[in-house]
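Down below is the structure, laid out as structure tokens.
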Amino acid sequence: MKTWLFGVLIILGILLTMWFGNMALSLLSSPNDMGVASGILILAVLATIWFYVITRIRKRVTREGTMKKIGVLLAIVIIGGLGSACTTVSPGHVGIVVNQWGSEKGVSDYTARTGTIAYNPITTSVFNYPTYMQNVVWTKNLSEGNPLNEEITFTIRGNMAISVDVSLAYQLDASKVPHFYVQFRSDDLSAFTHGFLHNVTRDCFNELGGKYELDMIMGDNADFINAVKNELKNRVGRYGVLIEQFGIIGAPRPPDDVIKGINAKIGATQLAVQKQNEIMQAEADAKKAIATAEGQAQARIKQAEGEAVANERLTRSLSPMLLQWRQLQIQADSINKWNGQMPQFTGGALPFIQVPQQGQQK
């Protein structure tokens, strides 16, 4: 038999061995004893066959040159097989294992973790699937997120339509990635994000929005947002989707006529508060003026009372001798001021006070 044909048969034998070996390894991991026993039996048969083949090869190959050629060919086959039987799972990803042959054909229930892994490239394929955080923005603004209007519009109590922009972050549960992949059959998470996930989120808004008034959406809306977030978690959690962050970007947008009404209401409220403050200020000013007037009146009363008391005390302190002394003092002041000339026009009595004789009784 020619050397190259002999080498081809060896290669085919190796490939068949890899195929049956992968089957045997799958049986060894089966939950029942029969499967494990079948796997052991296949491995034993493969080992026996290769022992027989190697023995025949050693007997057939007698020339050193032929042996070297076969050795080089086997080395190339083994190295190439090892290279193609390994792959690397990147950080933030898991490896989805897909069986191409056998009764276990399809996506395996387990995933390959980060790092270099070995597999049978003939019967199995492995590809990366992301599990890192996915940040999503659904907005009316075409310059943010997708270049499409992805705002979510829903109705609240009273059949009023409200539009909101939504931010969301999620990641996939690594243990449920095979189930997720089988369910959605998509290698691109953006299709899931802007398709199924967007639709489910809108359904949650519509289902819960009818329980809330406008003030509960426009004002303190934390209760409403948490209710929508929890409902969304329950709906997508069974697919292995973990919602890590959820919120509304900016303010909700009601219809334009409602916005005008809200602004008018806010303006009226602010005006009423302003008028009430002015009334309170006027009342405070009036009370201040009254208090000032009352204080001034009380001060004048106290002053008058004090003067009356002083006059009374002064009156009581006056005596005939004090009055006579005061008259003499006034007369002395007049004499000191007189220049010795008689007034040119006189009438009436002289401005001198009659001083009584000493000892004269009143």
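So the sequence shown is numbered by UniProt numbering: it starts at 1 and just counts up by one.
Cβ coordinates follow ideal geometry from the N, Cα and C atoms, glycine included.
Where residue i falls, given that 16 or more other Cβ within 10 Å makes a residue buried
| i | result |
| --- | --- |
| R63 | Per-residue confidence for R63 stands at a pLDDT of 49, beneath the threshold of 50, marking its modelled position as unreliable; no derived number is given. |
| Y170 | buried |
| K362 | Confidence at K362 is low in this model, with a pLDDT of 43, below 50, so its placement is unreliable and no value can be given for it. |
| I152 | buried |
| L12 | exposed |
| L168 | buried |
| V126 | buried |
| V273 | exposed |
| Y52 | exposed |
| V136 | buried |
| G39 | buried |
| I243 | buried |
| V228 | buried |
| G145 | buried |
| V182 | exposed |
| L82 | Residue placement at L82 is flagged as unreliable, the pLDDT there being 49, under the threshold of 50; the coordinate-derived value follows with that caveat. When all chains shown are included, L82 counts as exposed. |
| V236 | buried |
| V97 | buried |
Under the three-state DSSP convention, the category residue i falls into
| i | result |
| --- | --- |
| E244 | strand |
| M160 | strand |
| T269 | helix |
| N277 | helix |
| I143 | According to the sequence shown, residue 143 is Ser rather than Ile. The answer is coil: DSSP assigns S143 none of H, G, I, E or B. |
| G111 | A quick correction: the sequence has Thr, not Gly, at residue 111. Reduced to three states, the DSSP call for T111 is strand. |
| R185 | coil |
| residue 426 | With the chain covering only 1 through 362, there is no way to say anything about residue 426. |
| D165 | strand |
| G237 | helix |
| G83 | Note that G83 scores 48 on pLDDT, short of 50, meaning its location in the model is unreliable; the coordinates nonetheless yield the value given after this. Looking at G83 - three-state DSSP - the assignment turns out to be helix. |
| L46 | helix |
| T88 | strand |
| L15 | helix |
| G250 | strand |
| residue 363 | The structure shown does not extend to residue 363, since the chain is modelled only from 1 through 362, so no value can be given for it. |
| G219 | coil |
| E64 | With a pLDDT of 46 at E64, under the threshold of 50, the modelled position of that residue is not reliable, and no figure is offered here. |
| T131 | coil |
| N99 | strand |
Short Cβ contact (7 Å threshold) for residue i with residue j
| i | j | result |
| --- | --- | --- |
| residue 367 | D173 | Any question about residue 367 goes unanswered here, given that the chain covers just 1 to 362. |
| T111 | V200 | no |
| F192 | F205 | no |
| Y132 | G158 | no |
| T124 | N99 | yes |
| S90 | N149 | no |
| G212 | F224 | It is Tyr, not Gly, that sits at residue 212 in the sequence shown. Result yes, Cβ atoms of Y212 and F224 sit closer than 7 Å. |
| F20 | I49 | no |
| P255 | I217 | no |
| T88 | L46 | no |
Whole-Å CB distance - residue i paired with residue j, under 8 Å assumed
| i | j | result |
| --- | --- | --- |
| L208 | E231 | 6 Å |
| T155 | G219 | No, T155 and G219 are not in contact; Cβ-Cβ is about 18 Å, not under 8 Å. |
| P147 | L189 | Going by Cβ atoms, the distance from P147 to L189 rounds to 18 Å, so no, they are not a contact pair. |
Min CB distance residue i to chain B below 7 Å
| i | result |
| --- | --- |
| A272 | The structure shown has no chain B; it contains just one protein chain. |
* **Touch test, the segment 159-170 against the segment 245-252, Cβ-Cβ under 8 Å, three pairs minimum** => The segment 159-170 makes contact with the segment 245-252: 3 or more CB pairs, one atom from each, lie closer than 8 Å.
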